[in-house]
Amino acid sequence: MLEYNEQTENLMEIAMMLEQLKGESEYLFEVLTDIDSITWKQKFVDWANEFTETYEPNKDVWPGNYLEVIEGFAREKILEFAGVEDKE
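FYI, in the numbering used here the residues of the sequence shown are 8 to 95.
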């Protein structure tokens with residue numbers, strides 16, 4: 008049974024970042040929606056696990072609060088996977 012915990016929260020934040028990025032420009036929408044949803048779902052799970060394993064143990068040295076860190080992580084992973092350079 009799926010439970011709300013750190014990993015499911017990370018998964019949801021990563022998925023929400025994809026939706027945010029799709030709204031940033033027509034180009035990003037086209038590129039990001041060209042990748043099938045099954046692939047995105049698999050990547051989201053991988054990235055949520057990576058975030059939990061890599062970042063969660065180091066909370067005391069994060070360069071910001073949880074939302075800033077997970078959003079930056081998700082943005083970087085999504086754009087890198089899609090082959091898009093981050094303009095920010």
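For every residue, glycine included, the Cβ atom is placed at its ideal position computed from N, Cα and C.
A quick note: this is a predicted structure, and the numbers were derived from the prediction, not measured.
Buried or exposed (CB count within 10 angstroms, at least 16 for buried), residue i
i, result
"K84", "buried"
Beta-carbon proximity list for residue i, same chain, < 7 Å, skipping 5 on both sides
i, result
"V38", "A89 and V91"
"T15", "L9"
"F58", "N17, I77 and F80"
"K50", "F88"
Span of the alpha helix (DSSP H), counted from its first residue to its last, around residue i
i, result
"M24", "E13 to K29"
"D53", "S44 to T61"
Sequence-distant residues of the same chain with beta carbon closer than 6 Å to residue i, five excluded per side
i, result
"S32", "none"
"W54", "I21 and K84"
Three-state class that DSSP yields for residue i in the structure shown
i, result
"P70", "coil"
"G79", "helix"
"K94", "coil"
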